[in-house]
Amino acid sequence: MRTTETSCHPTDSTLKAAPVRISHPDVPIPFARNLEDALLPNADKIEAAITKMMELPNGG
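Residues 303 to 362 (my numbering) are what the sequence shown spells out, left to right.
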(Lines of atoms letter the chains of each structure in order from A and count residues from 1; the text may use other names and numbers.)
(Lines give C-alpha, C1' and ligand atoms only; values in the text may rest on other atoms or scores of the structure.)
Protein backbone atom coordinates (compact mmCIF):
# COMPACT_ATOMS: atom_id res chain seq x y z
CA MET A 1 0.00 0.00 0.00
CA ARG A 2 1.11 3.51 -0.72
CA THR A 3 0.85 6.38 1.74
CA THR A 4 -2.42 7.69 0.29
CA GLU A 5 -3.99 4.24 0.36
CA THR A 6 -2.89 3.71 3.94
CA SER A 7 -4.08 7.10 5.18
CA CYS A 8 -7.44 6.98 3.37
CA HIS A 9 -8.41 3.37 4.03
CA PRO A 10 -9.85 3.86 7.53
CA THR A 11 -11.90 6.88 6.43
CA ASP A 12 -13.34 5.53 3.16
CA SER A 13 -16.90 5.83 4.46
CA THR A 14 -16.50 9.52 5.35
CA LEU A 15 -14.87 10.72 2.12
CA LYS A 16 -17.05 12.60 -0.37
CA ALA A 17 -14.85 11.50 -3.28
CA ALA A 18 -12.53 8.62 -3.88
CA PRO A 19 -8.82 9.30 -3.37
CA VAL A 20 -6.98 9.96 -6.61
CA ARG A 21 -3.42 8.88 -7.35
CA ILE A 22 -1.59 11.45 -9.45
CA SER A 23 1.49 9.77 -10.85
CA HIS A 24 3.08 8.62 -14.06
CA PRO A 25 1.71 5.47 -15.72
CA ASP A 26 3.37 2.18 -14.84
CA VAL A 27 5.80 2.32 -17.77
CA PRO A 28 9.52 3.06 -18.03
CA ILE A 29 10.40 6.76 -18.03
CA PRO A 30 11.65 7.80 -21.49
CA PHE A 31 15.13 9.26 -21.83
CA ALA A 32 14.09 12.04 -24.24
CA ARG A 33 13.19 15.15 -22.23
CA ASN A 34 10.07 16.00 -24.27
CA LEU A 35 8.69 12.47 -23.84
CA GLU A 36 9.56 12.48 -20.14
CA ASP A 37 7.78 15.82 -19.67
CA ALA A 38 4.68 14.48 -21.43
CA LEU A 39 4.59 11.45 -19.13
CA LEU A 40 5.27 12.92 -15.69
CA PRO A 41 2.67 14.81 -13.63
CA ASN A 42 2.88 18.57 -13.93
CA ALA A 43 0.89 21.49 -12.52
CA ASP A 44 -1.77 21.26 -15.24
CA LYS A 45 -2.35 17.52 -14.69
CA ILE A 46 -2.50 17.99 -10.91
CA GLU A 47 -4.94 20.89 -11.25
CA ALA A 48 -7.16 18.85 -13.60
CA ALA A 49 -7.20 15.91 -11.18
CA ILE A 50 -8.09 18.14 -8.22
CA THR A 51 -10.81 19.93 -10.20
CA LYS A 52 -12.31 16.62 -11.32
CA MET A 53 -12.20 15.23 -7.78
CA MET A 54 -13.90 18.32 -6.32
CA GLU A 55 -16.81 18.31 -8.78
CA LEU A 56 -20.08 17.48 -7.07
CA PRO A 57 -22.06 14.49 -8.36
CA ASN A 58 -25.22 15.20 -10.39
CA GLY A 59 -24.10 18.70 -11.26
CA GLY A 60 -24.07 20.01 -7.67
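We treat Cβ as the ideally placed atom computed from N, Cα and C, and that holds for glycine.
When we look at the beta-carbon of isoleucine 348 and count the other beta-carbons within 10 Å, is it buried (16 or more) or exposed?
exposed
Report the three-state DSSP secondary structure of lysine 318 (helix, strand or coil).
coil
Determine the DSSP secondary structure at leucine 342, reduced to helix, strand or coil.
coil
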